[in-house]
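2 protein chains.
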Amino acid sequence: MSVSTDAVRTAACELFARQGYRGTSMKEIGGALAVSAPNLYNHIPSKQDLLVVIMDRAMDRAHAALDEALAGVDDVAEQLRRATETGVLDFLGHPAEITVCNTEIRSLEEPGRSRIIAKRGAYATRIRAIVDRGCAEGRFRTAHPRPATFAILELPANATAWFNERGQLAAGEVARIYGDFALDIVRCSSRRARPAAPRT
Amino acid sequence: MSVSTDAVRTAACELFARQGYRGTSMKEIGGALAVSAPNLYNHIPSKQDLLVVIMDRAMDRAHAALDEALAGVDDVAEQLRRATETGVLDFLGHPAEITVCNTEIRSLEEPGRSRIIAKRGAYATRIRAIVDRGCAEGRFRTAHPRPATFAILELPANATAWFNERGQLAAGEVARIYGDFALDIVRCSSRRARPAAPRT
DNA sequence: TTCCGGAATTAACGTTCATTCAGAAACCGT
DNA sequence: ACGGTTTCTGAATGAACGTTAATTCCGGAA
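Residue numbers (my numbering), protein chains in the order written: chain E, 1 to 200; chain G, 201 to 400.
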């Protein structure tokens with residue numbers, strides 16, 4: 001059976017996440033697929049392209065997940081909760097991609113770099129808009145929407161960092177906990193009641 | 201004037217933060233000091249040693265800053281606030297060191313790696329102890345002290361990430377805002393009143 | 001059976017890198 | 001002005017890297 005383009009990207013993503021882009025050689029990526037390094041070039045144009053495509057897809061997936069999470073939701077507190085929960089679930093479900101996104105932006109070369117940074121910025125802007133609306137509507141009482149937005153944007157990455165150290169919590173519970181953190185950070189006044197999670 | 205060991209470390213730290221450890225060559229480090237690459241070896245034993253010492257010192261400084269911040273403070277909420285504020289101020293004051301600490305652990309080789317990871321773990325344990333005590337005393341009402349601790353540990357790094365994008369806020373204000381975030385996250389019931397900061 | 005195209009390999013190229021070494025240059029107390 | 005020490009450089013080394021080239025292998029279509 002032959003090596004597929006996606007298999008190369010998956011193996012590369014795993015190695016990039018663990019060792020970094022520059023710390024991973026084409027030989028290692030090939031080795032993960034029991035294949036020689038030059039053979040990879042039958043399936044992908046370059047090492048840099050691997051990185052760009054991995055990040056591009058992860059960003060698109062994050063945007064799509066946010067679209068779906070917000071569809072039909074009007075309450076701004078519920079929007080923020082869903083956005084955060086979706087982010088956490090997306091991150092927990094694709095830890096390697098996310099690690100690469102968070103640590104290898106500096107390994108990107110133009111023109112991919114600008115495009116991916118723009119996508120990341122667009123995501124931040126969408127979250128920021130929710131926070132601002134919550135403040136405008138008086139639902140969020142924080143006096144610092146900008147720092148709060150940045151803190152919230154980092155929550156999913158934070159969940160990824162320690163999740164699975166021990167397997168005590170299910171992903172859904174983690175997502176709910178972090179959704180609460182987000183509402184705590186903006187000082188949401190009235191939030192919808194949720195069933196209590198077990199103490200962790 | 202001759203190149204000092206500390207000057208090499210400072211220049212290396214700046215470059216490591218911007219380009220990554222593997223993405224920075226000894227020639228570049230020398231170039232930053234207007235000096236040849238081989239000459240660096242008259243002042244430092246190896247490139248890896250640069251990374252280890254940078255991280256080691258940053259960790260020691262963080263521990264010392266926490267010592268000082270907690271000295272003579274008994275109230276657990278005030279402890280958490282001071283710990284967070286001190287962390288933010290330390291990070292904002294040494295952004296390059298912190299960036300290196302947060303992104304280049306994977307570039308560490310043994311035996312330095314284990315030692316530095318242990319120091320990082322000890323710091324996390326100290327913060328965790330504060331959160332646990334606050335919960336035990338009933339001051340913190342969060343049902344999830346473990347995730348809360350991890351979220352709080354990331355706050356200083358988060359502040360560093362966006363600080364100075366525009367110079368609107370002074371470091372002290374940022375520290376106070378993040379101190380509030382920490383208390384929000386653990387759901388601290390009664391917190392000491394603070395003068396209001398300007399809206400951001 | 002023949003033939004073609006993709007998948008794979010080995011060899012090789014040019015580059016970059018960390019590090020070593022031998023010696024030049026600069027500095028300093030005398 | 002001198003001798004010794006420190007500081008520095010250019011040349012060189014061996015290894016690793018991304019990538020290209022030439023070639024072999026194999027499965028399926030004609």
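Using N, Cα and C, we set each Cβ at its ideal position, and we do this for glycine too.
Model, not experiment: these values are computed from the prediction.
Would DSSP call residue i helix, strand or coil?
i        : result
G:PHE340 : strand
E:ARG22  : coil
E:GLY72  : coil
G:GLU373 : helix
G:VAL300 : helix
G:ASN364 : coil
E:ILE54  : helix
E:ILE44  : coil
E:VAL8   : helix
G:GLU278 : helix
E:ALA159 : helix
E:SER107 : helix
E:ALA34  : coil
Under 8 Å, do residue i and residue j count as touching if we go by C-beta distance?
i        : j        : result
G:PHE216 : G:THR224 : yes
E:ARG22  : E:SER107 : yes
E:THR142 : E:ARG187 : yes
E:HIS43  : E:VAL8   : yes
E:LEU70  : E:GLN79  : yes
G:ALA329 : G:GLU214 : no
E:HIS144 : G:ILE377 : yes
G:THR299 : G:ILE327 : no
Just the C-alpha distance for residue i and residue j, rounded to the nearest angstrom, thanks.
i        : j        : result
G:GLU309 : G:THR205 : 21 Å
E:VAL3   : E:ALA62  : 27 Å
E:TYR41  : E:ARG57  : 20 Å
E:THR160 : E:THR86  : 13 Å
E:VAL131 : G:LEU383 : 19 Å
E:HIS94  : E:ARG18  : 13 Å
E:VAL35  : E:ILE54  : 20 Å
E:LYS47  : E:ILE116 : 17 Å
G:GLY379 : G:GLY338 : 19 Å
G:GLY321 : E:GLY112 : 36 Å
E:GLY171 : E:ALA157 : Before going further, note that residue 171 of chain E is Ala rather than Gly in the sequence given. When rounded, the distance between both Cα atoms is 13 Å.
E:ALA175 : G:GLU228 : 43 Å
E:MET59  : G:LYS319 : 34 Å
G:CYS335 : E:TYR123 : 35 Å
E:LEU51  : E:ILE152 : 26 Å
G:ASP267 : G:SER389 : 25 Å
E:ILE105 : E:GLY20  : 11 Å
Name the one or two DSSP bridge partners that residue i has.
i        : result
G:CYS388 : G:PHE340
Measuring only between beta-carbons, confirm whether residue i sits less than 8 Å from chain E.
i        : result
G:LEU251 : no
G:GLN248 : no
G:PRO347 : yes
G:PHE381 : yes
G:ILE317 : no
G:ASN242 : no
G:ASP384 : yes
Cβ of residue i less than 8 Å from any chain G Cβ?
i        : result
E:GLY112 : no
E:GLU14  : no
E:LEU80  : no
E:ASP90  : no
E:LEU155 : yes
E:VAL73  : no
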